[in-house]
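Quick note, the sequence shown lines up with residues 13 to 475 if you use our numbering. A virtual CB, placed ideally from N, CA and C, is assigned to each residue, including glycine. Only a predicted model underlies this, so the values are computations on that prediction, with no experimental measurement involved.
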Amino acid sequence: MRESYDIIVIGSGLGGLTAARRLAGGDRRILLVEQHSQLGGLATYFKRREHIFDVALHGFPVGMRKSLRKYWGREFAERVVQVRSIRFDNPQYTLDSTFDSRDFSAKLEGHFKIAPETVAAFFAALAKMNYYDEQTETTRELFNRFFPGRTDVWRFLMEPITYANGSTLDEPAISYGIVFGNFMSEGVYTFQGGTDCMIEMMDASLREHGVEVETNAAVDKIFIEGGKVRAVRVNGREIACKAVVSNGSLPRTVLEWAGEENFRPEFADGLKKVGLSTSSCQVYIGIKDGEKLPYIGDLLFASTWPEFDTDALLSRKISSRTYSVYYPEIRPGTNRYSVVASMNSRFSDWEKLSRAEYRAAKAAMIEDTLDALSRYLPNIRQIADYTEAATPRTFLRYTGHMQGATFGTKFPGLGYSMGLHKEVGGLFHTGSVGIIMSGWLGAANYGVITANEVERFLANGVL
Ligand SMILES: Cc1cc2nc3c(=O)[nH]c(=O)nc-3n(C[C@H](O)[C@H](O)[C@H](O)COP(=O)(O)OP(=O)(O)OC[C@H]3O[C@@H](n4cnc5c(N)ncnc54)[C@H](O)[C@@H]3O)c2cc1C
13 MRESYDIIVI
23 GSGLGGLTAA
33 RRLAGGDRRI
43 LLVEQHSQLG
53 GLATYFKRRE
63 HIFDVALHGF
73 PVGMRKSLRK
83 YWGREFAERV
93 VQVRSIRFDN
103 PQYTLDSTFD
113 SRDFSAKLEG
123 HFKIAPETVA
133 AFFAALAKMN
143 YYDEQTETTR
153 ELFNRFFPGR
163 TDVWRFLMEP
173 ITYANGSTLD
183 EPAISYGIVF
193 GNFMSEGVYT
203 FQGGTDCMIE
213 MMDASLREHG
223 VEVETNAAVD
233 KIFIEGGKVR
243 AVRVNGREIA
253 CKAVVSNGSL
263 PRTVLEWAGE
273 ENFRPEFADG
283 LKKVGLSTSS
293 CQVYIGIKDG
303 EKLPYIGDLL
313 FASTWPEFDT
323 DALLSRKISS
333 RTYSVYYPEI
343 RPGTNRYSVV
353 ASMNSRFSDW
363 EKLSRAEYRA
373 AKAAMIEDTL
383 DALSRYLPNI
393 RQIADYTEAA
403 TPRTFLRYTG
413 HMQGATFGTK
423 FPGLGYSMGL
433 HKEVGGLFHT
443 GSVGIIMSGW
453 LGAANYGVIT
463 ANEVERFLAN
473 GVL
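Written out as structure tokens, the structure reads:
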């Protein structure tokens, strides 16, 4: 590391990586620092024995192909492939969908018997949503407007989003609408080669374009002087810079690293009240070499709960899980299968457990998941040779995000993230906020939006 850089990017999630890539290539000196030993943030993977587990590669919208092509290169976009089928199985319905607007409309009309004009009006309402708009309607109100009393339809429309990011019916309809609208456009996609392949390609691309990349490099202070960023402290060493892009936790960036005394009290106090999305849990199941899984869908949304109920979805008494089944095609040339079960259970339920209680609760989550999965794969206990579990405590440990937040902040966080540089010259944030800027596509696109702001700041020195 040198004494000074033009831009320091703190964190290598997809927001930080894409911001760095977007800013790279000119004469500017850019340093990207990541506290963990591996790049990628939540877009991560881990290897145990001969298994590779993808943590956050269950599916993303088709827009990721365009963003990868535009901001990373054609070789990235070429690896984006559509997943074959998404299955839903719960007491209210069992069906398969390609998860695109045509199929969803057909299911709403054919299976759920909704009038075609209502379906069309619902999709038109989603298409009109824009995150710069002021909107007060909640998702519950939106659903009530189009499908009053139809909790089976609410479940069909909402459950995949709740499974993914823990959002509830009482959050702004706009955050639901944009995430759902993105996914719905043309189905669900994945990255062939797996997360490890993509992150290695990104690392190589950054270095090739002159970005200095340091892992095991943690920032614990951002120095501000005269209302502007001056330096950051990385592993105890002060490094000067003109601009900082923090891809770390938004509250920690403001309240801990920069210090709230550098912000207007209403900004800092308002940010403290913003909720976090903190309920991701997973169980990883590795399948023995030589064993094969039958096709049970690429993504299977399974629930035993009678009706759609977000409290039930977020509770530690887990009744709903999404199974991502990884067949060998995800990593061509290999013959391995694995299953990653994702579920939600709030940080507060795990936070205070003692070490022994925590270990026991994780073991119980694994056992319950194997039991639940045996409904679809009856011999799962015989063919699995590795299991592990992650909770919000795990995500806290690996990313340093407050309360193990995995989809950043709730919707109001967006304004604080986007407004950061108006409080402190040269201080920017990128990465998961407001649900909308979350997920692979949201975080990567937000990296570009932030990089454009940084460019503007460095070109004009404007606040
Ligand atoms: C279980 C799970 C499943 C998911 N599934 C999907 C999915 O199927 N599809 C999808 O689109 N999205 C999914 N996501 C969400 C998606 O992975 C994230 O929204 C996205 O990757 C987050 O990117 P980010 O830019 O916000 O940064 P993050 O991934 O949050 O990364 C931030 C980085 O900053 C680093 N950092 C923090 N503090 C410091 C510091 N002080 N100094 C240096 N570095 C620091 C962290 O170590 C981390 O690497 C999933 C997430 C989880 C947890």
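Between the alpha carbons of Ala353 and Glu273 lies a distance of about 43 Å.
Ligand 1 never approaches Asp310 closely enough for any of its heavy atoms to be under 7 Å from the residue's Cβ. At least one heavy atom of ligand 1 is found less than 7 Å from the C-beta of Thr418.
Listed in chain order, the non-local C-beta contacts of Gly52 below 6 Å within the same chain comprise Ile211, local neighbours out to five positions each way being set aside. With fewer than 16 other beta carbons inside 10 angstroms of its own, Gln394 counts as exposed. With contact defined as three or more Cβ pairs closer than 8 Å, the stretch 200 to 211 and the stretch 56 to 65 are in contact. With respect to the C-alpha of Thr334, the residue from Arg371, Gly161, Leu305, Gln294 having the closest C-alpha is Gln294. Under the DSSP definition of a beta bridge, Tyr57 partners with Asp66.
Taken in chain order, the unbroken stretches of beta strand (DSSP E) that lie wholly in the stretch 335 to 360 and span 3 residues or more are 350 to 356. Here Ser366 is exposed: its Cβ has fewer than 16 other Cβ atoms, across all protein chains shown, within 10 Å. Arg242: member of the beta strand (DSSP E) spanning 240 to 246, first to last residue.
Contact between the stretch 290 to 309 and the stretch 96 to 107 is present: three or more C-beta pairs spanning the two stretches fall below 8 Å. Taking every protein chain shown into account, the CB of Lys254 has 16 or more other CB atoms within 10 angstroms, so this residue is buried. A Cβ-Cβ distance of about 6 Å is found for the pair Thr411 and Leu54, placing them in contact under the 8 Å criterion.
Counting only the Cα atoms, Trp452 lies some 27 Å from Val436. Just measuring C-alpha positions, the residue of His413, Val466, Tyr458 sitting nearest Gln47 is His413. Per DSSP, reduced to three states, the secondary structure at Ser79 is helical.
Taking the CA atoms as reference points, Met196 sits about 40 Å from Asp39.
Under the criterion of beta carbons closer than 8 Å, Thr442 and Ala133 do not qualify as touching, at roughly 35 Å.
Given a length threshold of 4 residues, each whole run of the alpha helix (DSSP H) inside the stretch 265 to 312 is given here in chain order: 277 to 284.
Under DSSP, Tyr388 shares a beta bridge with no residue.
Contact annotation, Ser444 with Phe419: C-beta distance approximately 5 Å; criterion of less than 8 Å satisfied.
Within the DSSP bridge table, the entry for Ala314 names Asp101, Arg333 as partners. In the DSSP annotation of this structure, the continuous segment of the alpha helix (DSSP H) that includes Glu153 starts and ends at 151 to 158. Cβ-Cβ distances below 8 Å link Ala280 to Val266, Leu267, Glu272 in the same chain, with the five nearest sequence neighbours on each side left out; the list follows chain order. In terms of CA proximity to Asn142, Ile448 leads the group Thr462, Ile448, Asn472. For the pair Ala137 and Asn177, the Cα-to-Cα distance works out to about 22 Å. One thing to note: Phe440 has its Cβ within 8 Å of the Cβ of Val466.
Judged by pairs of C-beta atoms under 8 Å, the stretch 220 to 239 does not touch the stretch 80 to 88, as fewer than three such pairs exist. When only Cα atoms are considered, Arg409 and Val225 end up about 21 Å apart.
With a cutoff of 7 Å, Asp232 counts as near ligand 1, since its C-beta is closer than that to a heavy atom of the ligand. Taking 8 Å as the cut-off, the beta carbon of Val74 is found closer than this to the beta carbon of Gly199. In the three-state scheme derived from DSSP, where H, G and I count as helix and E and B as strand, Leu470 is classed as helix. For Arg96, the secondary structure class from DSSP, reduced to helix, strand or coil, is coil. It is roughly 13 Å from the alpha-carbon of Gly28 to the alpha-carbon of Asn464.
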